[in-house]
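Visitor: Counting in this note's numbering, the sequence shown runs from 12 upward without gaps.
Would you mind keeping the following structure in view while I ask a few things?
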Amino acid sequence: MILALALMTVAPLAAPAPPPAKRAAMKPDFSAVTSRAAAEALARQGKLVRILLFPAEFGGEDVPENAVYITPEAAAARELILGTLQRFAKEGLIDKLDVTPDYKGDSFVPSRIVMHATHSKKKGSFEPTIEVW
């Protein structure tokens, strides 16, 4: 009885996930962000985060050509992936990393970032993709 009462109390707090069509409509659209200045303005509003495309943890330099702007959610996913990549490197599982941004139209904000980690002397690869928008 107490468990049922507790579930009745908690259940209204959990909202059901929106249907797939509505989730797609909620996705951000950065197609109008066609310059670094526009991306920086959105970063000041907290809608985008500046990152190094090729991570500093793997030798990426903090230069304009290596800087891109992504959503905070994508940046959080990137941090998790970087942790995995660092662990793989430490364990000798990878020794090469390629990072490729994909863009939609003229947007300055990548729509996704594809990483490809391999080892020069071992088979296999790790290929995470970060969906940005």
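Beta carbons are placed, not taken as given, at the ideal position from N, Cα and C, and that holds for glycine.
Within the continuous beta strand (DSSP E) that includes P66, where are the two ends?
Guide: Unbroken run through P66: none, as it is neither H nor E.
Visitor: Taking the alpha carbon of S42 as the reference point, which residue from R123, L108, K101 and E90 has its own alpha carbon closest?
Guide: Here the closest residue by C-alpha is R123.
Visitor: Can you tell which of D106, A49 and G135 has its C-alpha closest to the C-alpha of V79?
Guide: Minimum Cα distance to V79 is reached at A49.
Visitor: Report the option in L64, Q56, D40 and F119 whose CA atom is closest to the CA atom of T111.
Guide: Cα-wise, what sits closest to T111 is L64.
Visitor: Can the beta-carbon of F9 be found less than 7 angstroms from the beta-carbon of S46?
Guide: Residue 9 cannot be examined here, being either before or after the span of the chain that is shown, 12 to 144.
Visitor: What is the DSSP secondary structure of I13, reduced to helix, strand or coil?
Guide: Residue placement at I13 is flagged as unreliable, the pLDDT there being 37, under the threshold of 50; the coordinate-derived value follows with that caveat. I13 falls in the helix class under three-state DSSP.
Visitor: Grab the span of the beta strand (DSSP E) containing T95 for me, first residue to last.
Guide: Taken as a continuous stretch (DSSP letters only), T95 belongs to no beta strand (DSSP E), being part of the alpha helix (DSSP H) at P83 to K101.
Visitor: Taking C-alpha atoms, which residue in A128, K132 and V44 lies nearest to P66?
Guide: Among A128, K132 and V44, the Cα nearest to that of P66 belongs to A128.
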